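Q: My questions all concern the structure below.
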Amino acid sequence: MRFPGVATVVGAGSGIGRATAILFVKRGCTKIAIGDVNVAGLAETKKLMLEVKGGIEVLDAECDVTSEESVNTFFTRTVAKFGRLDYCCNVAGMLIPGASTDLSAAQYDKQHSVNCRGMWLCQRAEITQMLKQDPIDTPDSAFQSRGAIANVASMAGLRGYDNLASYSSTKHAILGFTKCDAYGYASKLIRVNAVCPGVIATPMLGEIDPNDKTNIAEMTKDMAMGRQGQPEEVAEGLLWLCSSYASFVTGIGLPVNGGMVGA
Ligand SMILES: NC(=O)c1ccc[n+]([C@@H]2O[C@H](COP(=O)([O-])OP(=O)(O)OC[C@H]3O[C@@H](n4cnc5c(N)ncnc54)[C@H](O)[C@@H]3O)[C@@H](O)[C@H]2O)c1
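In terms of this note's numbering, the sequence shown opens at residue 5 and continues consecutively.
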């Protein structure tokens, strides 16, 4: 799998985003922009990327997905440096657990601003640029591409959990705009997909109260493999969706979940 174009990963300061940025380097991509609100995490990710392969070009820039200006600036800077966008992974997210009666409207708004509106802002900026650029030949397919987007949704975008009302609604929404823009821009040679991870061992899991009824252990039990996934295993799904091996795949939410019962 080769990535001759330009990759972006927003939410690259930790967990799945960090693993995705590193995997792009391992798979031969040499022009990568990474963004996050966590600039210290971003610097660590860049260091790890350069340890994998020196000499690659990495743009690390603060990107707060709750800010339209910050998102647009991040992608403007990326295009100014690298000229185009080819493989865009939108990963940034947060988790505020709780059933609806436990949540404030402010918590609901915050979570939707990061997970849903923020990811849509990234996707809109990416498609806007992709429409301006010429398609390029792809290394592993006979067909040209103007760009590929891979969003991170969740199994909570495919099914309900009793204490994840707000989080789950953001992830259902991600699959909604993923599918709509996949169909809307397919004729322009732009693909848009998502992954739906199960329980993945990242810092985010620390935010689920272990005393909650739907806790991590319960959620992990729903996965046939009986273990939590690793961020690198989700990154593999994101890179496949961005790659030309997936040249005929658009508008899907790919489960990466160790076989989840009931989904
Ligand atoms: N860990 C899991 O079990 C799991 C399961 C399904 C889906 N997901 C999704 O995977 C994605 C990555 O989460 P993770 O598990 O790697 O957690 P994580 O906490 O390790 O990483 C989340 C990243 O998003 C960044 N972020 C948060 N708010 C931001 C903002 N306003 N602007 C820019 N960046 C921001 C954080 O700084 C962090 O680097 C999220 O969208 C999450 O919902 C995680």
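Backbone N, C-alpha and C fix where the C-beta goes; we use that ideal spot for every residue, glycine too. In this text, all values refer to a predicted model and were calculated from it rather than measured experimentally.
#1: Roughly how many angstroms lie between the CA atoms of F78 and K114, to the nearest whole one?
#2: Is any non-hydrogen atom of ligand 1 found closer than 7 angstroms to the C-beta of S173, if you look at the structure I gave you?
#3: Once the 5 residues before and after G263 are set aside, which same chain residues still bring their CB inside 7 angstroms of it?
#4: Mind checking which residues open and close the alpha helix (DSSP H) that includes G188?
#5: Quick check: what's the CA-CA separation for I131 versus I194?
#6: Three-state secondary structure (DSSP) at G97?
#7: With DSSP run on the structure shown, which of helix, strand or coil describes R195?
#8: The beta strand (DSSP E) spanning D40 covers which residue range?
#9: Give every residue of the same chain whose Cβ lies closer than 6 angstroms to the Cβ of G241, excluding the five residues on either side of it in the sequence, and list them in chain order.
#10: Rounding to the nearest angstrom, what Cα-Cα distance links S288 and A103 in this structure?
#11: In the structure shown, what three-state DSSP assignment does A16 receive?
#12: So, are the CB atoms of R6 and P143 less than 8 angstroms apart?
#13: Can you say whether Q148 is buried or exposed, counting buried as having 16 or more other CB atoms within 10 angstroms of its CB?
#14: Any heavy atom of ligand 1 within a distance shorter than 7 angstroms of the CB on L162?
#15: If you count every other CB in all the chains shown that lies within 10 Å of the CB of P3, and 16 or more means buried, which is it?
#16: Can you tell me whether Y2 is buried or exposed? The criterion is at least 16 other CB atoms within 10 Å of its CB, across all chains shown.
A: Judging by the given coordinates:
#1: Taking the first residue of the sequence shown as position 1, residue 78 is located at position 74. Taking the first residue of the sequence shown as position 1, residue 114 is located at position 110. The alpha-carbon atoms of F78 and K114 are separated by roughly 21 angstroms.
#2: Reading the sequence shown from its first residue, position 169 is the one you call residue 173. Outside the cutoff, so no.
#3: In the sequence shown, counting from the first residue as 1, residue 263 sits at position 259. These residues qualify, in order along the chain: M227, A228, M229.
#4: Here residue 188 refers to the residue found at position 184 when the sequence shown is read from its first residue. From DSSP, the alpha helix (DSSP H) with G188 extends over 169-189.
#5: Residue numbering aside, residue 131 sits at position 127 when the sequence shown is read from its first letter. Residue numbering aside, residue 194 sits at position 190 when the sequence shown is read from its first letter. In a straight line, the C-alpha of I131 is about 8 angstroms away from that of I194.
#6: Position 93 of the sequence shown, counting from 1, holds the residue named residue 97. Here G97 sits in coil by DSSP.
#7: Indexing the sequence shown from 1 puts residue 195 at position 191. Correct three-state label for R195: strand.
#8: As a first step, residue 40 must be located in the sequence shown, where it is residue number 36. Residues 35-40.
#9: Position 237 of the sequence shown, counting from 1, holds the residue named residue 241. V199, L258, V260, listed in sequence order.
#10: Past the boundaries of the shown model lies residue 288; the chain is included only from 5 to 267, so the question cannot be answered.
#11: On the sequence shown, residue 16 is found 12 positions in, with the first residue counted as 1. In this structure, A16 counts as coil in the three-state DSSP scheme.
#12: Indexing the sequence shown from 1 puts residue 6 at position 2. Indexing the sequence shown from 1 puts residue 143 at position 139. In contact: R6 and P143 (Cβ atoms closer than 8 angstroms).
#13: Along the sequence shown, one-based indexing puts residue 148 at 144. With fewer than 16 Cβ atoms within 10 Å of its Cβ, Q148 is classed as exposed.
#14: On the sequence shown, position 158 is the one that residue 162 refers to. Every heavy atom of ligand 1 is 7 angstroms or more from the Cβ of L162, so no.
#15: Any question about residue 3 goes unanswered here, given that the chain covers just 5 to 267.
#16: Residue coverage of the chain in this structure runs from 5 to 267, which leaves residue 2 outside it and unanswerable.
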